[in-house]
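Scroll down for the structure; my scribbles are underneath it.
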Amino acid sequence: MIGDVGLFGPGSVTWRLHSEPILLLGGLRSLYLQALHPRAVAAVAQNSRYRADPWGRLTRTSAYVGTVVWGTTAEVEAVALRVRRMHARMTAVDPRTGEQFRIDEPDLLRWVHVTEVESFLTTAVRAGVPLSPAEIDSYYTEQLKAAELMGLDPATVPATAAEVSAYYDDMLPRLSLTKESVETALFLTVPSVPENWGGRAFRLGLTLGPTRWAYFGIAATAMAMLPPWARRLYGGLGWPTTDLTADLSARGLRFLLSTVLATLPRSLRSLRVTPIREAALARAAATRAP
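In terms of the numbering used here, the sequence shown opens at residue 1 and continues consecutively.
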């Protein structure tokens, strides 16, 4: 629909933030965080084929986030309804107690939402995206719309930086490193290579060569950008020097991504501006046209 800018629009912090390719690093960071919640990681491990098809799952998750951010109202409502219906059919078993639970429990949905939006925001800021404290709070408040789409009561979701910090403090006693947490973190750090990515020589080169080491560096940066309490749960130390190194790495990655994408030819435009974002920008421009 012409002029339909969806949930957010051109004046939002959300549109500004999600124009940054470095948010891919934030997505990876959020997965490391989510894996520290025993029930959340059990729900994924028991209901997802991420080990068999990690890149497919990543593509589907990215498509969902992209639709929520850039889609029309109808597109957003349709994709959210589809995900809610899928989640409503799924259950998992708590590995610590043997209790069966629904994966759309509000506590789990809230954990996934908060870790995701906080990771996007924290990664962007630490990578050098200039945001004022007021804009940071605005992003959290805007994202209440995304939380509501997943079935959460917005009144129960942290809506400012201070509320997110308090939420993490409250959640910390409930978090722990389980067998599934360790397996998930290892898999995120050293994922498998899809069979359809070329021939055996290509896969071997990706597994052992520069691309694998480049990805490992990105994963290490995502891990280093975790809050000190999360790094300690994973068995690492919360040294301030880790934060400084992570910030420098994130800033370097942001500069590299921006430089590479800016030099791509028009034939590869979709790598710079995704089709759904391009369509959203076109609809926004149409609303401003005389």
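Note that beta-carbon positions come from the ideal geometry of N, C-alpha and C, so glycine has one too.
On a predicted model such as this, the values are computed, not experimentally measured, just so you know.
- The region 109-147 contains, as complete alpha helix (DSSP H) runs of 4+ residues, the segments 133-142 (chain order).
- Remark: C-beta atoms of A127 and L28 do not approach each other more closely than 9 angstroms.
- Residue state for A92 is assigned as strand, using DSSP reduced to three classes.
- In this model, T221 and H18 are separated by some 19 angstroms (Cα to Cα).
- With a beta-carbon spacing of about 5 angstroms, T14 and E142 fall inside the 8 angstroms limit used to define contacts.
- At a Cβ-Cβ threshold of 9 angstroms, M223 and T189 count as neighbours.
- Here F101 carries a strand assignment [DSSP, helix/strand/coil].
- As the crow flies, the alpha-carbon of T287 is around 18 angstroms from that of A74.
- Measuring C-alpha to C-alpha distances from L25 to each of S119, R39, R96 identifies S119 as the nearest.
- For T184, the enclosing alpha helix (DSSP H) begins and ends at 179-189.
- Using a 10 angstroms sphere on the CB of F8, the tally of other CB atoms reaches 16 or more, which defines it as buried.
- When DSSP states are grouped into helix, strand and coil, D153 belongs to the coil group.
- From the listed residues V93, S62, R82, V76, the smallest Cα separation to Q46 is found for V93.
- DSSP, reduced to helix, strand and coil, places G26 within a helical segment of the structure shown.
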